[in-house]
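The working numbering numbers the first residue of the first sequence as 300 and each following residue consecutively.
C-beta atoms are modelled at their ideal positions from N, C-alpha and C, and glycine is treated no differently.
For reference, the structure is listed below as structure tokens.
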Amino acid sequence: MLAKANRIRTGADYRLTIRRGVRVHAPNTITYVRRVSDATPVRFGFVVSKAVGIAVVRNTVRRRLKAVSRELLPELAPGHDIVVRALPASVQASWTTLQGEIRRAVDEVGARCMP
RNA sequence: CGGGUCGGCAAGACGGUCGCGUCGGCAUCACACCUCGUGGGUUGCCGCCGAGGAACGUCCGGGCUCCGUAGAGCAGGGCGGUGGGUAACACCCACCCGGGGCAACCCGCGAGACAGUGCCACAGAAAACAGACCGCCUUCGCGUGAGCGAAGGUAAGGGUGAAACGGUGGUGUAAGAGACCACCAGCGGCCGGGGCGACCCGGCCGGCUAGGCAAACCUCGCCCGGAGCAAGGUCAGACAGGAAACCAUGAGGCUGCUCGCCUCAUUUCCGGGUAGACCGCUAGAGGAUCGUGGUAACACGCUCCCGAGAUAGAUGGCCGUCCAGGGCACGCAGCGUUCUCGAACACCGCGUGCCCGAACAGAACCCGGCGUAUCAGCCGGCCCGUUCC
RNA sequence: GCCCCCAUAGCUCAGGGGAUAGAGCGUCUGCCUCCGGAGCAGAAGGCCGAAGGUUCGAAUCCUUCUGGGGGCA
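Here's what the structure looks like:
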């Protein structure tokens with residue numbers, strides 16, 4: 300789960316991240332990362348369309364993605380907006396699969412701060 | 001014991017770890033008012049609470065809010081046995097009628113087809129108002145004759161169809177026919193009895209007989225003003241105006257039309273800005289025990305109980321143990337069937353081991369219903385069959 | 001939150017109580033041509049989205065679902 304400060308909360312931010320951000324494809328997800336100023340903390344947003352399933356299924360997928368994001372949070376450099384779009388296949392994906400996909404996407408963009 | 005039918009209950013438990021949201025408390029950091037406190041906010045810790053029986057579909061009915069009071073008529077829409085319940089309903093209860101079932105019980109958008117209009121394909125002579133294709137019968141004419149033609153009487157028989165103008169039997173007749181008779185079905189009227197009523201029971205009389213479809217238009221009776229919490233309100237913030245028409249209407253409230261009422265007065269078109277916070281926002285036609293009234297739905301009274309309120313949207317992610325139960329294998333015992341007579345097969349019970357292991361589904365203003373989805377279960381009423389006492 | 005529309009042949013659509021449901025494109029076969037296209041002739045392909053009801057009779061009327069598409073604030 301994520302605190303309010305770590306969530307993208309306006310439609311404008313979503314639009315900017317998806318249009319201007321770097322895109323990383325994976326079998327179950329598409330991740331968009333956009334660099335903003337260093338002062339703001341890392342913010343996550345999730346897009347789960349109706350094509351994924353009914354409300355219960357969509358909620359489960361979104362909560363899994365939130366849990367993955369929460370665990371990744373301490374490793375990330377501040378000043379990034381990240382939007383994760385869940386594809387219909389993500390219903391069958393296990394938690395470890397999703398975790399791997401997001402971690403790889405963040406690595407590729409270089410948003411992680413290596414200690 | 002087996003089968004059926006109706007109703008109700010419940011919607012896994014415990015733990016580890018990492019987290020989220022509202023509210024409350026303490027602390028903390030800046031800030032505003034302002035003068036030693038108050039207000040909202042940041043961060044941290046602690047505590048309480050945190051999805052459903054359908055939260056779903058949005059098919060109905062309400063509350064609530066705004067449209068000045070919620071106005072009139074038409075149009076439009078809904079409902080349709082009777083009586084009751086309810087805030088209201090298309091819901092519920094009881095009863096009536098019709099249909100199904102041995103029964104418990106189930107099913108029915110159940111007013112009107114002598115107010116009118118329309119439709120009834122194909123087949124058939126004829127499809128709604130009477131008529132007559134093949135027949136049957138009488139008379140006359142023609143013909144040696146089989147027969148043919150004309151006039152008339154019939155509707156018993158034939159075949160078609162979902163449906164053919166009462167049915168069966170008899171009298172009668174040239175042949176026939178409710179023409180007449182008996183019984184039956186059905187229609188109308190009157191009388192008596194029962195019921196609040198739909199309706200039921202019985203008797204008498206009449207004419208002998210009336211098609212179906214209103215989930216076709218329609219008629220009758222009853223009901224319905226419009227929009228919806230993104231309703232509506234308070235505060236803060238942002239921006240840029242331009243063009244055209246013009247003094248008697250124009251626009252809006254108000255989805256269609258007419259009238260009426262009210263409000264605003266410049267109006268129309270193009271362009272520009274905003275998408276923040278707070279209130280509404282959760283205790284209500286609420287639930288439970290008992291009592292009273294009622295066949296029941298339900299109503300009344302007393303006492304007790306209730307603690308989700310998010311807003312890119314919390315109520316969870318990962319893991320473990322157990323449990324209801326299910327599957328497979330092996331062993332033991334019982335019983336049944338088959339036969340080559342000690343084996344094969346099937347069923348149930350017990351034990352051991354392994355494996356699987358919860359369905360449908362996520363609040364967004366709130367209720368009452370309906371409809372739909374739902375793994376594995378539990379409890380009870382009633383009916384039928386079989387056996388035993 | 002409220003509301004509307006659609007579902008018929010592989011595709012796009014007609015048909016609004018009486019048909020074993022029709023048109024165009026496409027597919028297949030044959031003719032034509034040296035070959036292909038075009039053209040001509042012919043054929044196949046549908047329990048009309050699902051279930052229930054009204055009716056003698058339903059793709060059509062009614063109800064409830066299923067799956068799509070769209071609109072408003």
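In the assembly as shown, Thr309 is an exposed residue. Its beta-carbon has fewer than 16 other beta-carbons within 10 Å. For Ile329, the secondary structure class from DSSP, reduced to helix, strand or coil, is strand. Bounds of any alpha helix (DSSP H) do not take in Gly344; it lies within the beta strand (DSSP E) bounded by Arg342 to Val347. Between Pro387 and Val351, the C-beta spacing is below 8 Å. By the Cβ neighbour-count rule, Asp380 is buried, with 16 or more other Cβ atoms within 10 Å of its own.
According to the DSSP assignment, Ala366 belongs to the alpha helix (DSSP H) that extends over Ala354 to Leu371.
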